[in-house]
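S.K.: This is the structure I want to talk about, given as structure tokens.
Number of protein chains: 2
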Amino acid sequence: MPRDGTATKERILDAAEKLFETNGIAATSVDQIIEASGTSKGSFFHHFATKRALSQALVERYVEADLSMLQKGLDAVADVTDPVERVLGFLRYYEQWAVELVSADSACLYLAVLTEKDLLDDTTSGAVERAIVGWRVEFAALLRAALRARGLGRKVNADDLADHLFATFEGGYLLCRTFRSADPMRGQLRVFRQLVEGLIA
Amino acid sequence: MPRDGTATKERILDAAEKLFETNGIAATSVDQIIEASGTSKGSFFHHFATKRALSQALVERYVEADLSMLQKGLDAVADVTDPVERVLGFLRYYEQWAVELVSADSACLYLAVLTEKDLLDDTTSGAVERAIVGWRVEFAALLRAALRARGLGRKVNADDLADHLFATFEGGYLLCRTFRSADPMRGQLRVFRQLVEGLIA
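So the sequences go chain by chain: G and R. In terms of the numbering used here, the first sequence opens at residue 1 and continues consecutively. In terms of the numbering used here, the second sequence opens at residue 202 and continues consecutively.
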């Protein structure tokens with residue numbers, strides 16, 4: 001175990017993430033985070049001056065993980081030359097991921113942030129915007145090549161279609177949360193891939 | 202103006218809806234709702250015994266409006282006999298609606314309810330489930346006929362595809378909220394209709 005406090009800091013962030021996703025940010029108190037992380041007030045405030053500072057650090061960590069998930073999908077299809085196959089392989093990568101990683105009680109931190117956006121500072125909500133735009137730029141580039149190859153470059157807006165993957169993820173999380181099941185995420189990612197297939201394959 | 206308190210009750214519900222959608226339910230106090238609705242403590246508690254009672258009434262009202270929006274889309278295509286055209290007409294109805302009705306600061310009450318689900322009672326979160334299942338059942342019936350007509354009845358899960366409209370709406374709301382613009386809702390509903398068109402038309 002590292003003695004520099006890294007483990008404690010991560011434990012606090014993990015506990016806060018779960019509480020924020022389950023109850024929202026405003027409804028979660030510092031005391032609840034301290035209790036759930038099994039740490040102390042002194043230790044908490046050593047790492048984070050305020051709940052706002054914790055929220056910023058947490059959203060930053062979440063966005064970094066999200067963008068590295070994007071990079072993994074891009075890496076998975078980096079060697080695929082056919083533009084249509086590249087799009088479908090990219091989507092299949094996340095379909096596979098949903099089967100492996102999403103659990104029944106998983107939720108997305110972005111939902112809490114966007115629901116309470118007006119209570120949060122620009123740094124926190126701006127990080128979510130950065131993530132959405134990051135996915136849009138990369139996925140739209142893949143889509144543009146495939147749409148052009150099918151003569152649909154002018155008909156379908158590649159940016160909107162790219163953002164539709166965000167809608168699919170968030171809709172999947174909301175359905176999982178509603179029905180307390182991991183199945184909807186799998187179902188939503190599969191149906192989105194099938195829809196894209198219907199359009200470009 | 203009716204003197205029976207109906208107008209006051211609706212004004213309280215309207216103010217609460219806006220506050221809940223903007224800041225979340227837990228973060229909104231009864232005092233804030235009273236101030237935003239320009240009413241009094243006495244008047245508030247005449248209509249609602251607790252914030253919980255108000256939340257239940259509000260979510261019920263929202264679900265009723267949502268299900269009547271579903272009914273309008275069904276009515277709009279009731280006379281269309283071709284199953285593929287019926288599905289596309291149904292989706293075009295909401296595309297048109299987005300152009301007319303969604304504003305830059307509109308949000309969905311379901312996002313607040315599902316984000317804070319574990320803080321709420323089963324009556325409140327159950328109402329959202331009822332709405333999602335209501336849309337699923339009706340839209341899936343339209344989809345099943347169209348998928349069968351195209352020989353896709355076994356390949357594509359009609360329930361998941363029906364739920365994808367929920368994902369599209371919620372994703373649209375989240376994108377509108379992120380970018381403070383009404384355009385994403387239009388874009389997401391259009392792209393979903395184009396995707397369905399690609400699959401079944």
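Don't be surprised by glycine CBs; every beta carbon is placed ideally from N, CA and C. Please read these numbers as outputs of a predicted model, since none were measured by experiment.
Which of the three DSSP states is assigned to residue 120 (chain G) in this structure?
M.R.: coil
S.K.: Should residue 296 (chain R) and residue 391 (chain R) be called a contact, given that it needs their Cβ atoms to be closer than 9 Å?
M.R.: Yes. Within cutoff.
S.K.: Does DSSP put residue 157 (chain G) in a helix, a strand or coil?
M.R.: Correct three-state label for residue 157 (chain G): coil.
S.K.: Within the segment 72–152 of chain G, note down every full alpha helix (DSSP H) run reaching 4 residues or more, in order along the chain.
M.R.: 83–101, 109–115, 122–149
S.K.: Can you pull the chain G neighbours of residue 219 (chain R), defined as C-beta to C-beta under 7 Å?
M.R.: Under the 7 Å cutoff, chain G gives no residues; its nearest Cβ is about 11 Å from residue 219 (chain R).
S.K.: In the segment 348–368 of chain R, which residues sit with their C-beta less than 7 Å from some C-beta in chain G, listed in chain order?
M.R.: 357, 358, 361, 362, 364, 365, 367, 368
S.K.: Quick one: which residues of the segment 126–148 of chain G get their C-beta closer than 7 Å to a C-beta of chain R? List them in chain order.
M.R.: Of all residues in the segment 126–148 of chain G, 128, 129, 132 have a Cβ within less than 7 Å of some Cβ in chain R.
S.K.: If contacts are defined as beta-carbon pairs under 8 Å, then residue 389 (chain R) and residue 159 (chain G) qualify, I think. What distance do you get, rounded to the angstrom?
M.R.: Contact doesn't hold; Cβ gap of about 11 Å is too wide.
S.K.: Can you tell me whether DSSP reads residue 8 (chain G) as helix, strand or coil?
M.R.: helix
S.K.: For residue 65 (chain G), name the three-state secondary structure that DSSP assigns.
M.R.: helix
S.K.: Compare the beta carbon distance of residue 117 (chain G) and residue 251 (chain R) with 9 Å and say whether it is the shorter of the two.
M.R.: no
S.K.: With DSSP as the reference, label residue 50 (chain G) as helix, strand or coil.
M.R.: coil
S.K.: Counting only the same chain and skipping the five closest in sequence on each side, list residues whose C-beta sits under 8 Å from that of residue 215 (chain R).
M.R.: 238
S.K.: Measuring only between beta-carbons, confirm whether residue 291 (chain R) sits less than 9 Å from chain G.
M.R.: no
S.K.: From which residue to which residue does the alpha helix (DSSP H) around residue 237 (chain R) run?
M.R.: 231–238
S.K.: Counting only the same chain and skipping the five closest in sequence on each side, list residues whose C-beta sits under 8 Å from that of residue 294 (chain R).
M.R.: 273, 274, 277, 278
S.K.: Could you check where the alpha helix (DSSP H) with residue 186 (chain G) kicks off and where it finishes?
M.R.: 183–200
S.K.: Report the three-state DSSP secondary structure of residue 180 (chain G) (helix, strand or coil).
M.R.: coil
S.K.: Can you name, in chain order, every residue of its own chain whose Cβ lies under 7 Å from the Cβ of residue 261 (chain R), other than the five neighbours on each side?
M.R.: 328
S.K.: Can you tell me which of the three DSSP states residue 42 (chain G) falls into?
M.R.: Per DSSP, reduced to three states, the secondary structure at residue 42 (chain G) is helical.
S.K.: Along chain R, which residues have their Cβ under 9 Å away from the Cβ of residue 53 (chain G)?
M.R.: Ordered by position in chain R, no residue passes the 9 Å Cβ test against residue 53 (chain G), which lies about 19 Å from the chain.
S.K.: To the nearest angstrom, how far is the alpha carbon of residue 373 (chain R) from that of residue 42 (chain G)?
M.R.: 42 Å
S.K.: Are the CB atoms of residue 140 (chain G) and residue 119 (chain G) within a distance shorter than 9 Å?
M.R.: No, the Cβ-Cβ distance between residue 119 (chain G) and residue 140 (chain G) is not below 9 Å.
S.K.: At a CB-CB cut-off below 9 Å, which residues of chain R make contact with residue 199 (chain G)?
M.R.: 395, 396, 398, 399, 400
S.K.: Excluding five sequence neighbours on each side, which residues of the same chain lie with their C-beta closer than 8 Å to the C-beta of residue 48 (chain G)?
M.R.: 12, 54, 57
S.K.: Return no unless some Cβ of chain G is closer than 9 Å to the Cβ of residue 392 (chain R).
M.R.: Closer than 9 Å to some Cβ of chain G, the Cβ of residue 392 (chain R) qualifies, so yes.
S.K.: Which residues in chain G have a C-beta closer than 8 Å to the C-beta of residue 320 (chain R)? List them in chain order.
M.R.: 23, 24, 27
S.K.: Looking at chain R, is there any beta carbon in it that lies within less than 9 Å of the beta carbon of residue 107 (chain G)?
M.R.: yes
S.K.: Can you pull the chain G neighbours of residue 388 (chain R), defined as C-beta to C-beta under 8 Å?
M.R.: 157, 159, 160, 163
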